[in-house]
Amino acid sequence: MIALLLAPTAQLVDPSAMSDINLPRVIFWIFALFTILGAISTLMRKNDIAAVMSLVFTFFMLAGVYTFLSAHFIAVLQVLVYAGAIMVLFIFVVMVLNRDESEPWVWRGLAGKALFGVLPLLPLCYFLCTYLRDMPTKHPDAPDAAFGTVAQVGQLLFTDYLFSFEVVSVLLIIAVIAAVVVARSAKSNERDHQPADGAAPLPGHRFGEPQTGTSYASNAVPTPPGSGGGPSPGHGPALQAQGRPGPH
Amino acid sequence: MIPTSDFLILGAMLFCIGIFGVILRRNALIILMSIELMLNAANLTFLAFARAMHDGKGQVFAFFIIAVAAAEAAVGLALVVGIFRNRRSVNVDELTLMKH
Numbered sequence: 013m014i015a016l017l018l019a020p021t022a023q024l025v026d027p028s029a030m031s032d033i034n035l036p037r038v039i040f041w042i043f044a045l046f047t048i049l050g051a052i053s054t055l056m057r058k059n060d061i062a063a064v065m066s067l068v069f070t071f072f073m074l075a076g077v078y079t080f081l082s083a084h085f086i087a088v089l090q091v092l093v094y095a096g097a098i099m100v101l102f103i104f105v106v107m108v109l110n111r112d113e114s115e116p117w118v119w120r121g122l123a124g125k126a127l128f129g130v131l132p133l134l135p136l137c138y139f140l141c142t143y144l145r146d147m148p149t150k151h152p153d154a155p156d157a158a159f160g161t162v163a164q165v166g167q168l169l170f171t172d173y174l175f176s177f178e179v180v181s182v183l184l185i186i187a188v189i190a191a192v193v194v195a196r197s198a199k200s201n202e203r204d205h206q207p208a209d210g211a212a213p214l215p216g217h218r219f220g221e222p223q224t225g226t227s228y229a230s231n232a233v234p235t236p237p238g239s240g241g242g243p244s245p246g247h248g249p250a251l252q253a254q255g256r257p258g259p260h
Numbered sequence: 067m068i069p070t071s072d073f074l075i076l077g078a079m080l081f082c083i084g085i086f087g088v089i090l091r092r093n094a095l096i097i098l099m100s101i102e103l104m105l106n107a108a109n110l111t112f113l114a115f116a117r118a119m120h121d122g123k124g125q126v127f128a129f130f131i132i133a134v135a136a137a138e139a140a141v142g143l144a145l146v147v148g149i150f151r152n153r154r155s156v157n158v159d160e161l162t163l164m165k166h
């Protein structure tokens with residue numbers, strides 16, 4: 013796969029646009045080579061932690077490529093958000109799973125996937141690269157120094173794209189809530205199916221620790237639950253059924 | 067100055083590597099990482115065209131793509147954790163619950 017991906021690059025970069033070889037271009041292709049090697053290493057690793065680290069390396073090299081595009085703000089965001097936040101999230105999940113792979117590569121149905129997936133993809137890669145090689149540059153001169161700075165991107169972000177910016181913040185809140193709901197539902201199911209000895213799980217005991225204390229106290233005293241300080245009996249199951257899917 | 071086509075070729079190669087990862091790997095985590103690679107390829111293409119057109123809007127879109135990728139990673143990893151707790155596996159070939 014490495015040979016298949018790297019072999020076209022030699023003849024792709026060479027013929028038409030090779031007239032001007034300057035130092036920035038050489039440095040850019042060194043960064044690009046490291047990016048591609050890191051990306052391939054991400055896919056080839058058997059160890060998950062090594063794969064995540066390869067991806068972090070790839071993102072750092074991509075941030076270097078972004079600075080060649082005079083996108084300094086996006087380069088900083090790449091390091092902070094991608095290599096920082098998202099990859100830490102991946103590391104957390106790898107640590108939580110803590111599991112060796114039994115079958116890292118696809119072997120079952122490999123012939124079908126190779127025939128219908130990979131083989132059409134190889135000419136796609138090749139023709140994509142050959143087509144993009146002849147893409148003309150509209151403004152051959154470099155943009156001015158203010159291009160891509162925090163001030164310029166921020167000015168666009170808070171004038172023309174203010175609504176999209178706010179929508180993105182709402183999207184992030186929705187994603188956080190969805191992640192919490194999805195990730196803790198299974199654990200709560202297990203806890204419901206294995207109650208402590210004698211103490212039946214009360215409805216709504218998951219939604220707050222003080223509620224747990226009052227509900228267990230009201231369970232000990234044989235009074236009807238509506239009269240005590242416990243949660244209302246009709247309220248809890250409705251919340252449960254709404255908040256998470258059933259175990260089956 | 068580096069021609070725009072160099073950046074576009076790099077983006078195309080990154081995207082193809084991501085597609086290879088999605089097709090050939092069975093670990094859900096690696097598939098998510100491949101999707102991140104493809105999103106980065108799209109980002110690189112946006113930035114390359116932003117510089118070629120001398121237009122800052124491409125960089126704003128790259129910013130939005132990074133935000134959406136963060137949301138996607140959060141939800142996707144939560145799904146992986148939930149699936150692992152239910153099925154004790156992150157192999158996507160074993161997730162055939164809707165088949166039977």
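So the sequence lines, in the order shown, correspond to chains A and B.
Add 12 to the 1-based position in the first sequence for our numbering, that's all there is to it.
Add 66 to the 1-based position in the second sequence for our numbering, that's all there is to it.
Ideal Cβ positions, reconstructed from N, Cα and C, are used throughout, including at glycine.
Interface partners of residue i on chain A, CB under 7 Å
{"i": "B:A108", "result": "Correct list: empty, because the minimum Cβ distance to chain A is about 12 Å."}
{"i": "B:I89", "result": "K125, G129, V130"}
{"i": "B:M104", "result": "Within chain A, no residue comes near B:M104; the closest Cβ sits about 10 Å away, beyond 7 Å."}
Chain A within 7 Å of residue i, Cβ atoms only
{"i": "B:I85", "result": "yes"}
{"i": "B:A94", "result": "no"}
{"i": "B:T162", "result": "no"}
{"i": "B:T111", "result": "no"}
{"i": "B:M67", "result": "yes"}
{"i": "B:M47", "result": "This structure does not reach residue 47 of chain B, given that chain B is present from 67 up to 166, and the question cannot be answered."}
{"i": "B:V147", "result": "yes"}
{"i": "B:V141", "result": "yes"}
Cβ of residue i within 7 Å of any chain B Cβ
{"i": "A:T224", "result": "Note that A:T224 scores 43 on pLDDT, short of 50, meaning its location in the model is unreliable; the coordinates nonetheless yield the value given after this. Closer than 7 Å: no."}
{"i": "A:G129", "result": "yes"}
{"i": "A:T54", "result": "yes"}
{"i": "A:I48", "result": "yes"}
{"i": "A:A51", "result": "yes"}
{"i": "A:L81", "result": "yes"}
{"i": "A:V38", "result": "no"}
{"i": "A:L74", "result": "yes"}
{"i": "A:L35", "result": "no"}
{"i": "A:I61", "result": "no"}
{"i": "A:V68", "result": "no"}
Neighbour list for residue i in chain A, Cβ cutoff strictly below 8 Å
{"i": "B:I132", "result": "I86, L89, Q90, V93, Y94"}
Neighbouring residues, chain B, relative to residue i (Cβ below 9 Å)
{"i": "A:G160", "result": "L113, A116, R117, G122, Q125"}
{"i": "A:A163", "result": "Result: empty, since nearest Cβ-Cβ is about 10 Å, beyond 9 Å."}
Euclidean distance between Cα positions of residue i and residue j
{"i": "A:P157", "j": "B:K123", "result": "Inspection of the sequence shows that residue 157 of chain A is occupied by Ala rather than by Pro. If I take the Cα positions, the gap works out to 16 Å."}
{"i": "B:A135", "j": "A:D153", "result": "32 Å"}
{"i": "B:V141", "j": "A:V194", "result": "8 Å"}
{"i": "A:D172", "j": "A:A95", "result": "28 Å"}
{"i": "B:L90", "j": "A:G129", "result": "9 Å"}
{"i": "A:M65", "j": "A:A123", "result": "31 Å"}
{"i": "B:L163", "j": "A:F69", "result": "36 Å"}
{"i": "A:F170", "j": "A:S176", "result": "9 Å"}
{"i": "A:H84", "j": "A:L184", "result": "24 Å"}
{"i": "A:S109", "j": "A:I39", "result": "The sequence given here has Leu at residue 109 of chain A, not Ser. Taking the straight line joining both Cα atoms gives about 39 Å."}
{"i": "B:P69", "j": "B:K165", "result": "49 Å"}
{"i": "A:V192", "j": "B:I101", "result": "22 Å"}
{"i": "A:P135", "j": "B:M99", "result": "24 Å"}
Interface partners of residue i on chain B, CB under 8 Å
{"i": "A:P155", "result": "R117, H120"}
{"i": "A:A44", "result": "D72, L76"}
Exposure label - residue i; buried when at least 16 CB within 10 Å
{"i": "A:A163", "result": "exposed"}
{"i": "B:T111", "result": "buried"}
{"i": "A:P132", "result": "exposed"}
{"i": "A:Y143", "result": "exposed"}
{"i": "B:R153", "result": "exposed"}
{"i": "A:S262", "result": "Because chain A is modelled from 13 through 260, residue 262 of chain A falls outside the range shown and cannot be assessed."}
{"i": "A:D60", "result": "buried"}
{"i": "B:L143", "result": "buried"}
{"i": "B:A114", "result": "buried"}
{"i": "A:N34", "result": "exposed"}
{"i": "A:A75", "result": "buried"}
{"i": "A:V93", "result": "buried"}
{"i": "B:V126", "result": "buried"}
{"i": "A:G166", "result": "exposed"}
Chain-ordered chain B contacts of residue i [CB-CB under 7 Å]
{"i": "A:M147", "result": "T70, S71, L74"}
{"i": "A:D140", "result": "According to the sequence displayed, residue 140 of chain A carries Leu and not Asp. Here the neighbours are A78."}
{"i": "A:L144", "result": "S71, L74, I75, A78"}
{"i": "A:V108", "result": "V147"}
Per-residue contacts from residue i into chain D (C-beta, under 9 Å)
{"i": "A:F102", "result": "This model lacks chain D altogether; the protein chains it does include are A and B."}
Identify each residue in the stretch 166 to 200 of chain A for which the Cβ-Cβ distance to at least one residue of chain B is less than 7 Å, and report them in chain order.
L168, L169, Y173, S176, V180, L183, L184, A187, V188, A190, A191, V194, A195, S197, A198, K199
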